[in-house]
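Quick notes on the structure that follows.
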Amino acid sequence: MHLVLGCVRTPVPNYPQAVHITRTLSIAAATAVIAATAVVGGASTAQAAPTVYKNCTAVQKVYSGGIAKKSVTKNRVTSKGKVTYRALKGTVKKDDALYAANKKMDADGDGIACEKS
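Note that the sequence shown covers residues 17 to 133 in our numbering.
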């Protein structure tokens, strides 16, 4: 038997209950975070289908410069067999999905539907 002077042994608190309460609160908090993320994430991942316009007049009421692919930076203009590139005019919407939905209105095939020349 050992004698230890100046040391008082204190009773050990009941740790399993404290751990159980902490674990329950952690699980409840994690569940709430996951549920909130699912609601917010679910709303943002659903994307509306791009608008298909009837004609260029309808497009230019919304986007005065037409609809372009994201990669397009200049308007290709062909005049008397000569090809030149000009700056985009008006409000041009750069959106690949919207362009694809309205590609039939890109008469010259330069990646801009209903552009101003």
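Every residue, glycine too, gets a C-beta built ideally from N, C-alpha and C.
If leucine 104 sits next to glycine 81, beta carbons under 8 angstroms apart, how far is it from one beta carbon to the other, in whole angstroms? About 6 angstroms; that satisfies the 8 angstroms criterion.
Element boundaries [alpha helix (DSSP H), containing alanine 117]: Its alpha helix (DSSP H) spans residues 112-117.
Tell me which residues share the same chain as aspartate 126 and place their Cβ nearer than 8 angstroms to its Cβ, disregarding the 5 neighbours each side in the sequence. Scanning its chain for C-beta atoms nearer than 8 angstroms, with the 5 sequence neighbours on each side dropped, one finds around aspartate 126 the residues Val88, Asn91 and Arg92, in chain order.
Span separating the alpha-carbon of lysine 77 from that of glutamate 131: About 12 angstroms.
Count the other CB atoms within 10 Å of the CB of tyrosine 69; is the residue buried (16 or more) or exposed (fewer)? That one is buried.
Check whether the Cβ atoms of alanine 84 and lysine 120 sit closer than 7 angstroms, and answer yes or no. For alanine 84 and lysine 120, no; Cβs fall outside 7 angstroms.
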